[in-house]
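First up is the structure itself, then whatever we jot down about it.
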Amino acid sequence: MSPAVITLLVLLVMVVFFVTEKLPAALVAMLGGSVLVLCGIIDPAELFSAFSGSTIVLVAAMMVVGSALFHTGIAAKMADVLVKFTGTSENGIMIAFMLVATIISAVCSGVAVVAMLLPIVISVSQRAGVSVSRQLIPMSFAASFGCNLTLMGAASNVVVNGALEDLGAPTMTFFELGKVGIPVSIAGIVFFLTIGKRFLTPGDTSDREYLAEYTGSNKAVEFNAVKAGLCLVILAVLLVAMAIDSDSFPMYLVAAFAAFVLVLTGCISQSDAYKSIDLSTLFIVAGMSAVSTGMSKSGAGALIADTAVNLLGEHPNKLLVLFIILVTLLTNAMMNTSCAMLVTPLFIPIVQAFGMNTTAVAIAICVAASSPFLTPVGSGTNTLIVRPGNLKFMDFFRPGLGLTVVILIVSMIFIPIFWPL
């Protein structure tokens, strides 16, 4: 049996366990990576390499930053102000945070956006007496599809553009992706305000014990103007640095520095900083990173792409639909950047050979790579909300499937209009 087939079988078994929830998601992710090691598909060191990688550092650091907003009293103050504007209705709160997440994620990492908004969403929901868990998925998903508004909205967009340049194809301009990103974002928000909210988890499944630790509500939290002001300054600098995303100061390094400074200045205690870091989330990220490496090294992703293209032929519309579906499925099993790095060099030469518009396909890859809506492990934006919302696989899949179909339809309408095939 080839390494590619073995990897796909391992992934299939993992999906079964994710869906049935017989085992914790973190354990399933690490076991999947472990099986790939035992089969010789990835090296033993690659199973744990993510723990020293940038993604783990970024996620852990942003958990500390988010928790600091609670421990300085900022989240509570913001919640009081926001409730006056949004009211106490579920729809009002949902649309407010989806709009904010969409706009900020156009220039900032989706993980950073979710980490920043998470404490405020929790506070506002608790103040308004609405379900915390039902607010988290729309906000998280908005931070993902908002990445389609600009070229710098997601690292995967930059990867696709770089691959186009390497392959001698026309590159995308800064706002070009927004031609389809704007209608996708509007459709995503409308979806959740209408039929989408019917698929959200009923009631409030949030983990009250974890929220008490995360928010500091199990002890008295007094508002300190000096520490609150310092925390806001640190947060502002962090967001600006992440938007610039300099090679000298990458996002994970800036986030780590921010977390260190927050502890050093007493905005959050060392013990509270440790409590804010959810280890199960980090193990999910690490395990799926190993599986993502296995997908690339084994040729599993290439096998799927080649098989599908051979079956459907070279009709432009069929190929475009195929590319969107394939990349969407892959990005739910791989990190979006890894997915973009895998499929772009595979798809663009095929497109060039068929005489199709390479920009159209590149746009489709970007949109699909930012659509990790089917699983809780598809993106760091999703894994960050799993523990606070106590969310399960189907809590993501039910609304995620509908949103994925909506984005597919919107993409197939607008991409051929702006970039004729």
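Per numbering that gives the first Met the number 0, the very first residue in the sequence shown carries number 0; after that it's consecutive. Built from N, CA and C at the ideal position, the CB exists for glycine as well. Remember, predicted model here, so these are calculated numbers, not experimental data.
DSSP three-state assignment for Cys365, whether helix, strand or coil:
Residue state, collapsed to three classes: helix.
Please report the residue range of the alpha helix (DSSP H) in which Thr374 lies.
From DSSP, Thr374 is part of no alpha helix (DSSP H); its letter is neither H nor E.
Determine the burial state of Glu89: buried for a count of at least 16 other Cβ atoms within 10 Å of its Cβ, exposed for fewer.
Flag for Glu89 reads buried.
Would you identify the three-state DSSP class for Glu221, choosing helix, strand or coil?
Annotated three-state conformation of Glu221 is coil, per DSSP.
May I have the straight-line CA-CA distance separating Ile276 from Thr357, to the nearest angstrom?
Their backbone Cα atoms lie some 42 Å apart in a straight line.
Expressed to the nearest angstrom, what Euclidean distance is found between the alpha-carbon atoms of Phe421 and Gly31?
One cannot answer for residue 421 here, as it falls past the ends of the chain, which runs 0 to 420.
Starting from Asp394, trace the alpha helix (DSSP H) both ways and give me its first and last residue.
Going by DSSP, Asp394 is part of the alpha helix (DSSP H) stretching over 392–417.
Minimum C-alpha distance to Ala240 - residue among Leu229, Cys230, Phe256:
Comparing Cα-Cα distances from Ala240 to each of Leu229, Cys230, Phe256, the minimum goes to Phe256.
So Val326 packs on Ala367, CB below 8 Å; how close in whole Å?
That pair is a contact at about 4 Å.
Take the Cβ of Met115 as the centre, count every other Cβ of all protein chains shown within 10 Å, and call the residue buried at 16 or more, exposed below.
With 16 or more Cβ atoms within 10 Å of its Cβ, Met115 is classed as buried.
Is the Cβ-Cβ distance between Gly450 and Phe222 less than 8 Å?
Because the chain in this structure spans residues 0 to 420, residue 450 falls outside the shown range and cannot be described.
What is the C-beta distance between Pro387 and Leu210, in whole angstroms, given that I count them as a contact (C-beta under 8 Å)?
With 8 Å as the limit, Pro387 and Leu210 qualify as a contact, their Cβ atoms being about 6 Å apart.
Inter-residue spacing [alpha-carbon to alpha-carbon] between Thr292 and Ile41:
Rounded to whole angstroms, Thr292 to Ile41 spans 7 Å at the Cα level.
Please report the straight-line C-alpha distance between Ala489 and Leu402, rounded to a whole angstrom.
As displayed, the chain neither begins before 0 nor continues past 420, which places residue 489 out of reach and without an answer.
Would you mind working out which of Phe413, His70, Ala359, Leu26 sits nearest Ile267, comparing C-alpha positions?
For Ile267, the nearest C-alpha among the options comes from His70.
Taking the alpha-carbon positions, what's the Val9 to Val34 distance?
Taking the straight line joining both Cα atoms gives about 8 Å.
So, at 6 Å on beta carbons, what are the nonlocal neighbours of Pro137 in its own chain, with the 5 sequence-adjacent residues on each side left out?
Met93, Met97, Phe191, listed in sequence order.
Between the C-alpha atoms of Val82 and Leu390, what's the straight-line distance to the nearest angstrom?
Using only the alpha carbons, I get a separation of about 25 Å.
Lys226 (DSSP reduced to helix, strand or coil):
The answer is helix: DSSP assigns Lys226 an H, G or I state.
Exposed or buried, Glu175, counting other C-beta atoms within 10 Å across all chains shown (16 or more means buried)?
Buried is the call here.
Put Ser124 into one of helix, strand or coil per three-state DSSP.
In this structure, DSSP gives Ser124 a helical state, which the three-state scheme calls helix.
Quick one: measure Cβ to Cβ for Ser370 and Ser130, integer angstroms, because I've assumed they're closer than 8 Å.
With a Cβ gap of about 24 Å, Ser370 and Ser130 do not count as contacting.
Can you have a look at Tyr213 and say buried or exposed, based on whether 16 or more other CB atoms are within 10 angstroms of its CB?
A residue is called buried when at least 16 other Cβ atoms come within 10 angstroms of its Cβ; Tyr213 meets this threshold and is buried.
Helix or strand or just coil, what does DSSP make of Glu212?
In this structure, Glu212 counts as helix in the three-state DSSP scheme.
Quick one: what's got a C-beta closer than 7 Å to Ser104's C-beta in the same chain, skipping five residues either side?
Contacts found: Val112, Ala142, Gly145, Cys146, Gly152.
Which same chain residues, not among the five before or five after Ala25, have their C-beta less than 6 Å away from its C-beta?
The answer, listed in chain order, is Ser279, Phe282, Ile283.
Check whether the segment 341–349 touches the segment 394–413, taking contact to mean three or more Cβ pairs, one atom from each stretch, closer than 8 Å.
Taking one beta carbon from each stretch, the segment 341–349 and the segment 394–413 have fewer than 3 pairs nearer than 8 Å; the two do not touch.
Three-way DSSP call (helix, strand, coil) for Pro201 in this model
If DSSP states are grouped into helix, strand and coil, Pro201 belongs with coil.
Quick one: using the 10 Å Cβ neighbour count with 16 as the cut-off for buried, is Asp271 buried or exposed?
The residue is buried, with at least 16 neighbouring Cβ atoms inside 10 Å.
Closest to Leu420 by C-alpha separation, out of Ala332, Phe372, Lys317, Asn381, would be which residue?
For the residues Ala332, Phe372, Lys317, Asn381, the minimum Cα distance to Leu420 belongs to Lys317.
Here's a check: name, in chain order, each residue in its chain whose Cβ is nearer than 6 Å to the Cβ of Ser108, leaving out the five neighbours to either side.
Excluding five sequence positions before and after Ser108, the CB atoms of its chain that fall closer than 6 Å to its own CB belong to Met241, Met250, given in chain order.
CA nearest to the CA of Gly379, picked from Gly195, Ile55, Pro315
Of Gly195, Ile55, Pro315, the residue nearest in Cα terms is Ile55.
Do Phe50 and Ala285 have their beta-carbon atoms positioned less than 8 Å apart in this structure?
Contact flag set, yes.
Is DSSP giving His70 helix, strand or coil here?
In this structure, DSSP gives His70 a helical state, which the three-state scheme calls helix.
If you run the structure through DSSP and keep just helix, strand and coil, what is Glu164?
Helix at Glu164.
Is it buried or exposed, Phe417, if we count other Cβ atoms within 10 angstroms and call 16 or more buried?
Under this definition Phe417 is an exposed residue.
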